[in-house]
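Everything on this sheet refers to the single structure shown next.
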Amino acid sequence: MTSATTNKVASDSVHQGRGVERIIHGQAVMDGAGVKINRVLTQALQRRLDPFLMLDAFGSDKANDYIAGFPSHPHRGFETVSYMLEGRMRHKDSAGNEGLLTSGGVQWMTAGRGVIHSEMPEQEAGVMEGFQLWLNLPARDKMRAPWYRDFNGADVPVFTTDAGVGVRVIAGASHGVVGAVQREVTEPIYIDIDLPAGATFKQQLPPGHNAFIYTYRGAVSVGDKSVPEKSMAILANAADADGVTLHAAQASRVILIAGAPLNEPIVQYGPFVMNTQAEIVQAVEDFRAGKLGEEAHR
Ligand code: MN
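Numbering (our numbering), first residue to last: 7 to 304.
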């Protein structure tokens with residue numbers, strides 16, 4: 007398929023699969039300057055799904071649903087991971103980074119102590135579909151320098167299992183294939199799984215990781231539970247479970263996300279996520295004083 011395609015795959019064996027704890031359908035919200043979003047991982051789930059703070063799914067062929075984009079806005083204290091299934095979105099930030107996120111591409115931004123950026127559609131018609139995930143930073147890294155990287159679709163490692171399941175490995179590893187981004191502490195796993203009808207897919211997961219899947223096409227089953235289209239399943243943590251087994255009766259597409267919990271206080275005020283209220287007050291003051299993001303220029 008691409009230069010990132012890997013042919014030799016060490017199958018993940020799963021002896022005891024996790025079950026489904028809960029199915030979540032998400033909330034329809036407007037964000038940015040008026041972009042229609044399904045907020046799948048809401049603030050109420052931040053503790054349960056630590057280290058993940060938010061998952062937005064967007065998908066529309068109506069320009070009015072996305073054309074306003076996300077004009078200039080700040081972030082501090084966490085990482086944003088944007089994954090574009092279809093469409094074109096331009097990113098510009100205060101650290102001098104600029105990139106065009108296109109179909110299949112991933113943009114990973116570590117806001118750290120502060121970034122001001124814009125995320126604007128570079129299309130006036132057609133389909134725009136994808137996800138934005140917010141991944142928390144450990145307390146010790148919240149004020150680190152910002153970091154940013156764009157991966158074209160061809161730079162995201164992919165593989166196909168014997169059962170014909172196509173997998174894109176955005177973060178962590180799957181079946182021995184190492185993904186585009188690795189992170190210490192939160193050890194995120196983020197894979198996009200394309201299952202043909204009748205296929206089964208197994209993914210190893212550390213027992214301590216919080217994990218969930220989101221079905222964006224078709225429907226998959228986990229044990230005896232069905233995870234229908236446009237819904238998320240929180241996967242139960244169990245000390246004796248070593249992964250998860252997905253089965254697709256029909257052709258389906260799913261993202262699977264897992265990470266090691268930080269177990270630190272979470273205080274969010276809009277685009278700032280810190281550990282204490284005082285740190286939030288500081289973030290707002292720094293933003294108002296024009297200090298947020300300026301350090302990146304030095
Ligand atoms: Mn943003």
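Built from N, CA and C at the ideal position, the CB exists for glycine as well.
DSSP bridge partner residues for residue i (one or two, in chain order)
| i | result |
| --- | --- |
| T2 | No answer is possible for residue 2: it lies beyond the span of the chain, which begins at 7 and ends at 304. |
| P80 | I122 |
| S100 | DSSP lists no partner for S100. |
| E92 | E135 |
| N44 | A34, A63 |
| L252 | F207 |
| S232 | S227 |
| V173 | F165, I199 |
| S180 | V183 |
Residue i, enclosing alpha helix (DSSP H) - first and last residue
| i | result |
| --- | --- |
| Q288 | 283-294 |
Span of the beta strand (DSSP E) around residue i
| i | result |
| --- | --- |
| Y275 | 273-275 |
| I30 | 26-30 |
| S217 | Rather than Ser, the amino acid found at residue 217 in this sequence is Ala. A217 -> beta strand (DSSP E) spans 216-223. |
| Y196 | 195-201 |
| D37 | 33-37 |
| L241 | 237-241 |
| T192 | Run containing T192: none; DSSP gives neither H nor E here. |
| T166 | 164-166 |
| S258 | 258-265 |
| V20 | Careful: V20 lies outside any beta strand (DSSP E) and carries neither H nor E. |
Other residues of its chain near residue i: CB distance less than 8 Å, five sequence neighbours each side excluded
| i | result |
| --- | --- |
| V26 | V228, G229, K231, V233, A239, I240, L241, A242 |
| A244 | Q22, R24, G25, P213 |
| A74 | G38, A39, G40, V41 |
| R54 | N216, I240 |
| A225 | S232, V233, P234, E235, A254, A255, Q256, S258 |
| S78 | I122, H123, S124 |
Interface flag, residue i vs chain B, CB-CB below 8 Å
| i | result |
| --- | --- |
| E193 | Checking the listed chains, one finds no chain B in this structure; it contains a single protein chain. |
Contact test: residue i Cβ vs the ligand MN heavy atom, cutoff 7 Å
| i | result |
| --- | --- |
| F76 | yes |
| T116 | no |
| E193 | no |
| T86 | yes |
| E125 | yes |
| H181 | no |
| H79 | yes |
Beta-carbon proximity list for residue i, same chain, < 7 Å, skipping 5 on both sides
| i | result |
| --- | --- |
| Q22 | D246, A247, D248 |
| A131 | A69 |
| L106 | R94, R96, E128 |
Close beta carbons around residue i, own chain, < 6 Å, minus the five adjacent residues each side
| i | result |
| --- | --- |
| D62 | I43, R45, Q138 |
| L91 | E135, G136 |
| H253 | T206, S227 |
| Y306 | Because the chain in this structure spans residues 7 to 304, residue 306 falls outside the shown range and cannot be described. |
>> Does the stretch 178-191 come into contact with the stretch 236-247, if we say contact requires no fewer than three beta-carbon pairs (one atom in each stretch) closer than 8 Å?
In response: no
> Is the stretch 273-287 close to the stretch 74-90, with three or more CB pairs under 8 Å?
Replying inline: yes
>> Under 8 Å, with one C-beta from each stretch per pair, do the stretch 239-259 and the stretch 24-31 reach the 3-pair mark?
In response: Verdict: yes, contact present.
>> Does the contact criterion of 3 or more C-beta pairs under 8 Å hold for the stretch 105-125 versus the stretch 155-167?
In response: yes
> Are at least three pairs of beta-carbons, each pair with one atom in the stretch 56-69 and one in the stretch 137-146, less than 8 Å apart?
Replying inline: Enough Cβ pairs lie closer than 8 Å, so yes.
> Can you find at least 3 beta carbon pairs, one from the stretch 119-129 and one from the stretch 191-203, that sit closer than 8 Å?
Replying inline: no
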